[in-house]
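Colleague: Residue numbers are given in the UniProt record's numbering: position 236 of the sequence shown equals residue 236, and the series is strictly consecutive.
Glycine included, C-beta positions come from ideal geometry on N, C-alpha and C.
The structure presented is a predicted model; accordingly, all values stated were derived computationally and were not measured.
Have a look at this one.
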Amino acid sequence: MNLKEMTTQNLVFYDIEATSKEEVISFLVDHLDKEGYISDKAAFQKAVLEREAHSATGMERGLAIPHGKSSVVNKAVFTVAKLKTPLAANVWESVDPTNQVSLVFLLAIPDEEAGTTHLKLLAELSGRLMNASYLDGLLAAPSKEALFAALGEEAVTENVAGDSAYAGKSVLAITACATGIAHTYMAAEALEQAGKELGIDVRVEKQGANGMEDTHDAAAIAKADAILFAVDTKVKEKERFVGKNYVEVKVADPLRHAKEILIRTLSEPDGTVTASSESEGVVASKTQKTGWKKVGADVTAAIMTGISYMIPLIVAAGLMLGIAKLTWVYALGLDIGMIGDPTYNSVGGLQEFLHYLDGFGNMLFKFIYPVFGMFVAYAIADRVGLIAGFAGGLFAGGLHYTFWGIEGGIPSGFLGALILGLTAGYVAKFLNQRVKLSKNLAAMKPMLIVPGISVLVIFILNLYVIDPVFGHLNKWIADTIASMSTSGTLSLSAMIAAATAFDLGGPVNKAAGAIAIGLSADGIFPLTPRVLAIVIPPLGIGLATIIDRFVVGRRVFSQDLRLLGNTSFLLGFLAISEGAIPFMLRNPLITIPLNLIGAIAGACTGVALGAVQWLPLPAIWGWPLVENLPAYLVGMLVGVAIIAFGNIFIRYAIIKRKERNGEKIDY
């Protein structure tokens with residue numbers, strides 16, 4: 001195949017000057033737009049950057065392959081740029097941390113064109129770039145014209161005689177990435193080359209934009225010694241491999257460690273593929289069959305699943321609130337405290353619209369824990385756990401107090417959602433496995449028996465254990481805070497700040513808020529530590545995800561946390577601390593102590609310097625109402641800095657230790 005057919009000389013650029021990944025991508029997207037290959041420049045650039053947030057597109061040996069899949073792409077195409085000054089891995093994230101990006105291929109992939117010649121050529125390009133001789137020819141090109149000519153050269157495949165302890169073995173692999181082109185085919189090429197060097201018969205099925213290519217048939221599966229899933233998406237038709245040993249890694253992992261992964265697949269498999277009750281392929285671990293180690297792994301995976309589904313809801317809710325509140329204050333000049341007043345229910349115009357938009361955002365926040373609990377249960381029990389997990393989340397969010405007419409009830413928050421979600425999952429899973437019905441009555445199990453019994457268990461657990469335990473805990477906290485009202489300004493400030501920051505809008509936070517607002521209403525003690533402790537954690541953790549690579553020279557947060565960190569930072573200015581909850585759930589031993597230290601230090605600094613805020617307005621529009629605003633801002637900066645730099649340095653130290661010990665880095 002002549003890859004020059006997939007581009008033109010007008011889309012090949014040489015000695016481009018750029019200082020960031022975003023600058024390079026913007027430059028190439030702009031030229032794709034000028035040449036008419038895309039119909040909406042902004043939409044395609046957004047698609048490319050969203051793909052960048054998913055995983056690294058920097059490779060090794062100077063190569064980077066950003067790519068985007070979108071309906072605005074008129075025809076599959078690629079553009080290439082040779083950079084005048086290479087970009088380091090801390091500027092362009094790469095699978096090889098020493099990579100200096102100097103050659104960039106931007107792939108434009110249209111939606112719904114599986115099997116077309118153009119997509120096949122893009123797939124060919126992705127695989128060919130893994131060939132050392134082909135890439136060397138591109139890197140050595142001395143001019144734009146030579147680079148364009150080198151694209152049409154054929155790759156030379158070396159005949160490597162495999163000689164290893166695993167020679168003669170057979171491994172079937174599946175590669176699949178989010179967009180279905182670049183990483184899918186590059187990982188396949190890397191595995192096939194590594195197989196030749198080791199003497200292992202490696203056959204790769206690509207599940208990408210072209211559908212399922214080189215599909216493994218029953219005969220090949222029967223003869224295979226092991227199965228390798230190098231995927232970032234769900235494997236299609238995994239049930240074909242039931243009974244086979246497997247290893248599962250991310251699709252980018254073979255780009256650097258193909259040989260090691262193949263050896264591990266044959267010598268230390270993760271487990272055996274089994275069939276679930278719904279005939280979908282799942283895996284049963286050999287190394288974690290029983291004991292607390294398996295339970296811990298299952299719980300961790302369930303929490304991560306719950307977080308991943310909860311994040312979009314947090315972002316959406318925060319966006320609704322932000323639009324409403326900022327427009328209300330700065331465009332209409334109205335009192336922010338009035339945005340929720342029922343008198344605006346029928347005033348018409350923009351005021352009524354913003355009033356309801358704000359209420360909509362608040363309503364969405366009420367469902368953060370139901371969504372979290374629902375998908376925690378789903379991760380454990382699959383679909384049969386959804387309803388019970390959702391019910392547990394409703395209790396954790398305190399919605400039952402509203403329907404039962406109980407005023408002043410304090411919800412169990414994220415801990416309640418976690419406990420109830422896990423319980424829902426394990427109860428539903430137990431019932432689904434143990435309840436046996438005849439074929440004619442089988443439909444009753446997922447529709448009636450499992451959800452009915454598991455929801456009843458959640459109701460009883462919450463009524464007699466979760467609510468009473470957290471109710472007593474919150475009462476104790478409230479009494480403790482109230483008893484300190486005469487024990488010193490800084491001591492009380494520290495106590496209020498710590499309780500406010502502890503669970504980011506949860507029951508402890510609400511208990512502290514009730515006491516702090518009561519003290520303020522009585523003119524006893526201002527709300528300064530309370531309002532500072534609301535904004536410091538989300539701003540601090542958000543800032544950490546933005547500046548980490550400038551502080552320690554590398555990223556210390558995963559891609560998904562970096563994306564969430566930007567949201568948390570913006571929500572912090574709106575006094576919405578829930579944006580930082582996923583960080584707390586994923587790494588509580590790091591996040592919670594730092595939140596407490598930062599909130600205490602920031603609140604006490606602001607109070608000691610003379611900041612005073614009597615009104616419950618922690619968001620940015622309330623800052624001008626603070627007495628001694630400079631002192632308030634200094635306190636806030638102190639707290640934010642402690643959390644930001646504390647997270648960066650602690651996470652960096654953990655990553656370095658794991659790298660020295662050869663452990664997996666899970667952020």
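For V455, tell me which candidate among K436, L431, L87, R586 has the shortest Cα-Cα distance.
Modeller: Numbered from 1 along the sequence shown, position 455 holds the residue referred to as residue 455. For the residues K436, L431, L87, R586, the minimum Cα distance to V455 belongs to L431.
Colleague: By Cβ distance, which residues of its chain are closer than 7 Å to S577, with the 5 residues on each side in sequence left out?
Modeller: Reading the sequence shown from its first residue, position 577 is the one you call residue 577. The residues are L504, G505, I534, P537, P538.
Colleague: With a floor of 3 residues, list each beta strand (DSSP E) that falls wholly inside the UniProt domain "PTS EIIB type-2" (171-267), ordered by position along the chain.
Modeller: For the UniProt domain "PTS EIIB type-2" (171-267), whole beta strand (DSSP E) runs of length 3 or above, ordered along the chain, are 201-208, 211-213, 226-231, 245-249.
Colleague: Which word fits D467, buried or exposed, when buried means at least 16 other C-beta atoms lie within 10 angstroms of its C-beta?
Modeller: As a first step, residue 467 must be located in the sequence shown, where it is residue number 467. D467 should be labelled buried.
Colleague: Can you give the beta carbon distance from F105 to V80, rounded, assuming they're within the 8 Å contact cut?
Modeller: Translated into the one-based positions of the sequence shown, residue 105 becomes position 105. Translated into the one-based positions of the sequence shown, residue 80 becomes position 80. Yes, they are in contact, since the Cβ atoms of F105 and V80 sit about 5 Å apart, within 8 Å.
Colleague: Using 8 Å for Cβ pairs, my map puts L198 next to K259. What's the rounded Cβ distance?
Modeller: Position 198 of the sequence shown, counted from the start, is the residue given in the question as residue 198. Position 259 of the sequence shown, counted from the start, is the residue given in the question as residue 259. About 6 Å separates the two Cβ atoms, so the contact holds.
Colleague: Report the partner residues of G68 according to the DSSP bridge assignment.
Modeller: Numbered from its first residue, the sequence shown carries residue 68 at position 68. Partner(s): A108.
Colleague: Between the C-alpha atoms of L28 and A611, what's the straight-line distance to the nearest angstrom?
Modeller: Reading the sequence shown from its first residue, position 28 is the one you call residue 28. Reading the sequence shown from its first residue, position 611 is the one you call residue 611. L28 and A611: Cα-Cα distance of roughly 50 Å.
Colleague: Would a C-beta distance cut-off of 7 Å place G425 and G373 closer than the cut-off?
Modeller: Sequence index remark: in the sequence shown, residue 425 carries index 425 (1-based). Sequence index remark: in the sequence shown, residue 373 carries index 373 (1-based). Contact: no.
Colleague: Over what stretch of residues does the alpha helix (DSSP H) that includes F78 continue unbroken?
Modeller: As a working note, residue 78 is residue 78 in the sequence shown. Where F78 is concerned, there is no enclosing alpha helix (DSSP H), although the beta strand (DSSP E) it sits in stretches over 77-87.
Colleague: Could you say if the stretch 490-505 and the stretch 406-419 meet the contact criterion of at least three C-beta pairs nearer than 8 Å?
Modeller: Verdict: yes, contact present.
Colleague: Does the distance from the C-beta atom of A417 to that of A391 stay below 7 Å?
Modeller: Taking the first residue of the sequence shown as 1, we reach residue 417 at position 417. Taking the first residue of the sequence shown as 1, we reach residue 391 at position 391. Contact flag unset, no.
Colleague: Which two residues bound the contiguous alpha helix (DSSP H) that contains I541?
Modeller: By one-based count along the sequence shown, residue 541 stands at place 541. That run of the alpha helix (DSSP H) goes 528-552.
Colleague: Would you identify the three-state DSSP class for Y330, choosing helix, strand or coil?
Modeller: Within the sequence shown, the letter at position 330 stands for residue 330. DSSP places Y330 in helix when its eight states are reduced to three.
Colleague: Taking its Cβ as the centre, do 16 or more other Cβ atoms sit within 10 Å of A132, making it buried, or is it exposed?
Modeller: In the sequence shown, counting from the first residue as 1, residue 132 sits at position 132. So A132 counts as exposed.
Colleague: Since F398 contacts F375 with CB under 8 Å, what's their CB separation in whole angstroms?
Modeller: By 1-based counting over the sequence shown, the position of residue 398 is 398. By 1-based counting over the sequence shown, the position of residue 375 is 375. Residue identity differs from the one stated: residue 398 is Gly in this sequence, not Phe. The Cβ separation is near 19 Å, so there is no contact.
Colleague: Thinking C-alpha only, which one of L461, V469, G393, A381 is nearest P446?
Modeller: Numbered from its first residue, the sequence shown carries residue 446 at position 446. Closest by alpha carbon: A381.
Colleague: A575 and P529 - do their beta-carbons sit closer together than 7 Å?
Modeller: Mapped onto the sequence shown, residue 529 falls at position 529. Mapped onto the sequence shown, residue 575 falls at position 575. For P529 and A575, no; Cβs fall outside 7 Å.
Colleague: Sort A316, R554, A377 by Cα distance to A301 and report the nearest one.
Modeller: Mapped onto the sequence shown, residue 301 falls at position 301. Per the Cα distances, A377.
Colleague: Where does the unbroken alpha helix (DSSP H) through V607 begin, and where does it stop?
Modeller: Within the sequence shown, numbered from 1, the residue matching residue 607 stands at position 607. Looking at the DSSP string, the run of the alpha helix (DSSP H) that includes V607 is 588-608.
Colleague: Three-state secondary structure (DSSP) at V273?
Modeller: The residue given as residue 273 occupies position 273 in the sequence shown. Residue state, collapsed to three classes: strand.
Colleague: Using CA coordinates, which residue listed in S568, G409, G452, I597 is at the minimum distance from V469?
Modeller: Taking the sequence shown and counting its residues from 1, one reaches residue 469 at position 469. Of S568, G409, G452, I597, the residue nearest in Cα terms is G409.
Colleague: Tell me which residues share the same chain as D548 and place their Cβ nearer than 7 Å to its Cβ, disregarding the 5 neighbours each side in the sequence.
Modeller: Working through the sequence shown from its first residue, we reach residue 548 at position 548. For D548, where only same-chain residues beyond five positions count, the Cβ hits under 7 Å are R555, V556, F557, I648.
Colleague: Pop quiz: H67 and L107 are said to be a contact at Cβ under 8 Å. What is the actual Cβ separation, rounded to whole angstroms?
Modeller: By 1-based counting over the sequence shown, the position of residue 67 is 67. By 1-based counting over the sequence shown, the position of residue 107 is 107. With 8 Å as the limit, H67 and L107 qualify as a contact, their Cβ atoms being about 4 Å apart.
Colleague: How would you write the range of the beta strand (DSSP E) that V638 sits in, first residue to last?
Modeller: The sequence position of residue 638 within the sequence shown is 638, counting from 1. Premise fails: V638 lies in the alpha helix (DSSP H), 629-661, not in any beta strand (DSSP E).
Colleague: Would you report the Cα separation of G639 and I303, rounded to the nearest angstrom?
Modeller: Locating residue 639 in the sequence shown gives position 639, where the first residue counts as 1. Locating residue 303 in the sequence shown gives position 303, where the first residue counts as 1. G639 and I303: Cα-Cα distance of roughly 28 Å.
Colleague: Tell me which same chain residues have a C-beta within less than 8 Å of the C-beta of G602, skipping the five on either side of it?
Modeller: Numbered from 1 along the sequence shown, position 602 holds the residue referred to as residue 602. So the list reads A497, L532, A533, I536, G635, M636, L637, V638, G639, V640, I642, once near-sequence residues are dropped.
Colleague: Could you tell me which residues DSSP puts in a beta bridge with L103?
Modeller: As a first step, residue 103 is located in the sequence shown; it is residue number 103 there, counting from the start. Answer is L63, K82.
Colleague: Closest by CA to I541, which one among G553, S568, F550, F525?
Modeller: Taking the sequence shown and counting its residues from 1, one reaches residue 541 at position 541. Of the listed residues, the one whose Cα sits closest to I541 is S568.
Colleague: What separation, rounded to the nearest whole angstrom, lies between the Cα atoms of K169 and D201?
Modeller: Here the question's residue 169 lines up with position 169 in the sequence shown. Here the question's residue 201 lines up with position 201 in the sequence shown. Roughly 6 Å separates the two Cα atoms.
Colleague: Measure from the alpha carbon of T19 to the alpha carbon of each residue in H31, Q100, G36, then state which is nearest.
Modeller: Translated into positions along the sequence shown, residue 19 becomes position 19. T19 has its Cα closest to that of Q100, out of H31, Q100, G36.
Colleague: Could you give the distance in angstroms between the alpha-carbon of A544 and the alpha-carbon of F583?
Modeller: Against the sequence shown, residue 544 aligns to sequence position 544. Against the sequence shown, residue 583 aligns to sequence position 583. The alpha-carbon atoms of A544 and F583 are separated by roughly 11 Å.
Colleague: Going by the CB atoms, is the gap between G137 and E124 shorter than 7 Å?
Modeller: The residue labelled residue 124 in the question sits at position 124 within the sequence shown. The residue labelled residue 137 in the question sits at position 137 within the sequence shown. For E124 and G137, no; Cβs fall outside 7 Å.
Colleague: In chain order, what residues of the same chain have a beta carbon less than 6 Å from the beta carbon of A150, not counting five sequence neighbours either side?
Modeller: Within the sequence shown, residue 150 is the residue found at index 150, counting from 1. Excluding positions up to five away in sequence, the list reads G137, L138, A141.
Colleague: Report the rounded CA-to-CA distance for T117 versus V77, giving the unit in angstroms.
Modeller: If you number the sequence shown from 1, residue 117 lands on position 117. If you number the sequence shown from 1, residue 77 lands on position 77. Because T117 carries a pLDDT of 48, less than 50, the predicted location of this residue cannot be relied on, and the following value inherits that uncertainty. Cα to Cα, T117 sits roughly 11 Å from V77.
Colleague: Taking buried to mean at least 16 other C-beta atoms within 10 Å of its own C-beta, is I314 buried or exposed?
Modeller: By one-based count along the sequence shown, residue 314 stands at place 314. Buried.
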